[in-house]
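All remarks here apply to the structure that follows.
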Amino acid sequence: MNNTMVDDLILLTPQFVLVIAGMTLMLLEPFTAPAHKNRMARIAVVAAAVAALSLGSQWRDNPHTILNGMFIVDNFSLFFQWLFLVILGVSVLISMNFNERESINRGEYYSLLLFACSGMSLMVSSYDLILTFIGIEILSIATYVLAGFKKNDIRSNESSLKYFLLGSFATAFLLYGIALIFGSTGSTNYQAISELVTATLEGNFQTTTLIGMGLLLVGFSFKIALVPFHSWAPDVYEGAPTPVTAFMTVGPKAAGFAALMRILVEALPFMADAWVTILWCLAILTMVLGNVVAVLQTNVKRMLAYSAIAHAGYILVGIVTNSDTGFSAVLFYLVAYTIMNLIAFSVILSISGIGDTRVELDDYAGLARKTPFAAAALSLSLVSLAGIPLTGGFIGKFYLFSAAIQKGYVGLAVIGVLSSVVSVFYYFRLLVYMYMKEPEETTPAPEPMSLHIQIIIVMGVIGILWLGVFPDHVLSLADYSILAP
Amino acid sequence: MEISHILSWVTYLPALVAAVIVLIPRGSDKAVKWTAFLGSCIIFILSLHLVFHFDASQGSMQFEESHAWIKSIISHHLGIDGISLFLVLLTTFLTPLAVLSSWQSITRRVKSFMICLLTLETGMIGVFCALDLVLFYVFWEVMLIPMYFLIGVWGGERRIYAAVKFILYTMVGSLLMLLAIIYLYYAHGGTTFDLVEITRSLSTGAMQWKTVQEERWLFLAFLLAFAIKVPMFPLHTWLPDAHVEAPTAGSVILAGVLLKMGTYGLLRFCLPLFPAAAIEAAPYISVLAIIGIIYGALVAMVQPDLKKLVAYSSVSHMGLVVLGIFAFTTQGFQGSTLQMLNHGLSTGALFLLVGMIYDRRHTRKIADFGGLAHISPVYAAVFLVVTLSSIGLPGLNGFVGEVLVLMGSFASNKLFGSLAALGMILSAAYMLWMYQRVFLGKLENPDNAAIKDIGVREKLILIPIVLIMLWIGVYSEPFISRMEVSLEHVQQRIVNARNLEKSYWVERLSPSPQVNE
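First to last, the sequence lines map onto chains A and B.
For the first sequence, this note's numbering assigns the number 2 to the initial residue and increments by one for each residue that follows.
For the second sequence, this note's numbering assigns the number 626 to the initial residue and increments by one for each residue that follows.
Here it is, written out as structure tokens:
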């Protein structure tokens, strides 16, 4: 082993930590008494923390590729890996009590989360289509299982099966796209693809490459639930155990966006005209349809599923601009979106009752009387999702739409804000139920929240307000972490 | 001595008081009420400092303070001039009265109620003081949330419908305005959101619109947000619902201050930023304003519900304010600015009075009353003063504003002026008719016999308002002199834009020297 090899391996520490911790949990599972399963959750949190710390020294001005150019270490991947580790930690912590309540507290659950996180990290650090594909699959297979983790619940089964079938379908599109791009350019390495077309072919790419890019976009659109490839999302999000839904609406979505951005910007910049046009259409469809259909939902999880779709549309606006400000806005928005969604789902899962069934709008009537803290936290995250000032959601939308206007996409911005007026209606309807309706006599008060969840919610609330009032730090961090278009 | 950062104090102190109220333990409603009342009184006294140190001879921003906020392009820039001075005071003046008016009528969730009211005050003052476009937008939007809760939680039967309608209407306008703000930022070169600087570059010609369309669209985006808030004729339908369902304090603030944010926005943003587009749009807007004046008055006339009647009278009166602004004459501007203040006082007082009778009888139907003057003479007397102020009787505040607006609009367009005067006659008709039906005649309904006249607390609420009405009515000079110079600045922008247009046409139409040779 030479020195560079050792250096390279050190850069892979976070991945090793996650995977080793995941496998250790699997081995420990049979030897842990049912009463002590929470210990495994703690191991997972410690692993996330260790991985996060080991990333600390990796900030750099110049991107650095290792493993023969397959794996890249840059600020972009670092930014996202940190985000994923936070998502992982929070997901584990909010799952513990839930899993006990639902009697599904098993070690595999946490190791699957760890594997999913390692898959996501791989997706953002990959510099090669094949490795990206492997990352996506590691993530997807783990989430298929997680979605069906309540194996005695028919909705959870449905969720898992649907996710698996449609996900496999998307995977086929992805692979086909990768194959066509490889066939027409002779490489799967991002830089090689880009250089071949821009330098050797002077930008005249073949039609096959274009089709390959199209199929790749279809695959990714499935994974991040863009309209018209979104039909799986509401059912899957509704049926999956709520902590898993929380994880799925933020983690895989952010990872999908990050990987997509890297492919588009670093491998296929020569086709920017084409993918900008396609994504422009998808953004409009996604924002409008996501928000309009969310209005019709009476199940809160389903409503937030459509809201998640709509937010994917907003984020897409940033990618469409294909500019520094747009990409930086995407990074900022993903952070804000992650925090607000995690808070919302933390509240939802802690009041959903045994069986995870009390998730209808009516179950929220008069919640402010019964649990003022939970109601206030959920309200704040909804207000932020709606993009009202002094919250991270506002600053995020502000920067996304500024980027759009800066690049002349005024129409896109107008449609975006008008569709977000629609979103105000359904977010605020939940506020109406919580604050302006009287509680039904028959519904019991939800059991008190566990300390973990309370701490997480308080931190999230501080985070949202911090991003809304003093966004400078995270904005500069985002500026510092973007991929140069 | 001048207090430094006085505007920040006045703006954020209400929120601070609200934070203190959060800490008061549950169940001690009395402490909550007193804290809110005393706190808002202190804020009012503090805001008087602004009047005493205001330099009436200066038309530019005063008490300015500016700190970088986000990425050094968005700043926390506050300042007031003659246009906003009295609106800030109106806000700080009405809030303690609103607190007092809810002393007994709000019985549940008193603590949350006061918190909403005080954060609302912060939002409103912020709107009038903010000189950075994004900061302005932040206050403009943040203020919606407490108002939404005030209507939705403490309102009447159809409160939820009213609250949702209120917020959706406002959001459509304001989000498009946000896009216009961002567009303006990039049109200005992407350096600052500062209103003062952007206005300066526009007036010196350092910044020019690329096309006429650009200015028109931006103007329209701003106009929509403000027209919904005012509300102008076809966009007014949220107002009667919101007013009728809101609790008394909510109605007072809504009519007294919130509606002014629309007309203030027209004066502060639409005219100075887009004068040429404003000139182009003036005839259309004036027509809408006149429709609003007459339509509002006619609809008010047939309302069976007191609160609805006052709500529609607001539509009518605010139409007058808009008409005065778009006359672009000195009297028009002065009259409109004064009329904003007057409308805040008289409509605020009317809602307070209606609230008082509602507390006693739990009805607002005009038909349920009659002959109240016999049993509650003080109440009837105050009601009469306020009614007369609202219809513009000489010697009371409404007269000064209305006459100035009518003079101003008459000078610019005789037809518009006459139609607006017709609206004023209608307003006298419906107000006096309402007064007659409620207070005069015989006391026929036996339920009304037990009505008590107003008490000390209620007198405390009404006396200050009546005094100021008299003051403005008799001696409006101190008010107008402080507005004058700032309004001249706005007018100057319009005059310059007109001249520019004229010189453009002169250039186009007159034969050029080359042709002569």
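Glycine included, every Cβ here is placed at the ideal spot set by N, Cα and C.
Interface criterion met: the Cβ of A:Val384 is under 8 Å from a Cβ in chain B. Under the criterion of beta carbons closer than 8 Å, B:Ile1090 and B:Ser726 do not qualify as touching, at roughly 11 Å. Between A:Val318 and chain B, the shortest Cβ-Cβ separation is not below 8 Å.
When CB distances to chain A are screened at a threshold of 8 Å, the residues of the stretch 792 to 804 of chain B falling below it are Ile792, Leu793, Met796, Val797, Leu800, Leu801, Leu803, Leu804, in chain order. Taken in chain order, the complete alpha helix (DSSP H) segments of 4 or more residues contained in the stretch 402 to 448 of chain A are 411 to 432. In the structure shown, the three-state DSSP call for A:Val228 is coil. With 16 or more other Cβ atoms inside 10 Å of its own Cβ, A:Ala49 counts as buried. For B:Ala1036, the closest alpha carbon among the candidates B:Glu1102, B:Phe953, B:Gly1023, B:Phe753 is that of B:Phe953. DSSP places B:Ser691 in the strand class (E or B) of the three-state scheme.
Sequence-distant partners of A:Gly469 (beyond 5 residues in either direction) whose C-beta falls short of 8 Å from its own C-beta, in its chain, are Ser385, Pro390, Leu391, Thr392, Gly393, Gly394, Phe395, Ile396. Between A:Tyr410 and chain B, the shortest Cβ-Cβ separation is not below 8 Å. Using beta-carbon distances, B:Glu766 counts as an interface residue toward chain A, with a partner under 8 Å. Using beta-carbon distances, B:Ile785 counts as an interface residue toward chain A, with a partner under 8 Å. For A:Thr144, there is no enclosing beta strand (DSSP E); the residue is part of the alpha helix (DSSP H) that begins and ends at 130 to 148. Taking a beta-carbon distance threshold of 8 Å, B:Lys736 does not count as an interface residue toward chain A.
The continuous stretches of alpha helix (DSSP H) do not include B:Leu703, which lies in the beta strand (DSSP E) extending over residues 699 to 705.
In its chain, beyond the 5 residues on either side, Glu103, Ile105, Ser157, Pro242 have a beta carbon closer than 7 Å to the beta carbon of A:Lys151.
Inclusion of B:Met768 and B:Met796 in the CB contact set at 8 Å is not warranted, their separation being larger than that value. Listed along the chain, the chain A residues whose CB falls inside 8 Å of the CB of B:Lys658 amount to none; the nearest CB is some 20 Å away.
When C-alpha distances from A:Thr25 are compared across A:Pro35, A:Met41, A:Leu13, the shortest belongs to A:Met41. B:Asp757 has B:Asp819 as its beta-bridge partners, per DSSP. DSSP places A:Asp480 in the helix class (H, G or I) of the three-state scheme. Contact of A:Tyr436 with chain B is assigned, a C-beta pair being separated by under 8 Å.
Residue-level contact check: B:Phe818 does not touch chain A, since none of the beta carbons of chain A fall below 8 Å from its beta carbon.
For B:His674, the three-state secondary structure derived from DSSP is helix. Counting only the Cα atoms, B:Gly1066 lies some 36 Å from B:Gly1042. Chain order gives the chain A residues near B:Lys696 as Asp473, Leu476, where near means a beta carbon separation below 7 Å. Neighbours of A:Val425 across chain B, judged by C-beta separation under 7 Å: Ile792, Leu793, Met796. Taking all protein chains shown into account, B:Ser1101 has 16 or more neighbouring C-beta atoms within 10 Å of its C-beta and is therefore buried. Under the Cβ criterion of 8 Å, B:Phe774 is counted among the residues facing chain A.
Nearest to A:Val125 by alpha-carbon distance, out of A:Ala200, A:Met272, A:Glu267, A:Phe99, is A:Glu267. DSSP places A:Ile389 in the coil class of the three-state scheme, outside both helix and strand. Sequence-distant Cβ neighbours of B:Gly781 in its own chain, meaning closer than 6 Å and more than five residues away, are Glu870. For B:Val1099, the uninterrupted alpha helix (DSSP H) run begins and ends at 1081 to 1099, by DSSP. Its chain contains Gly319, Tyr400, Leu401, Ala404 as the residues whose beta carbon lies nearer than 6 Å to that of A:Ala330, once the 5 sequence neighbours on both sides are disregarded; these appear in chain order.
Less than 8 Å divides the Cβ of A:Tyr434 from the Cβ of A:Ala366.
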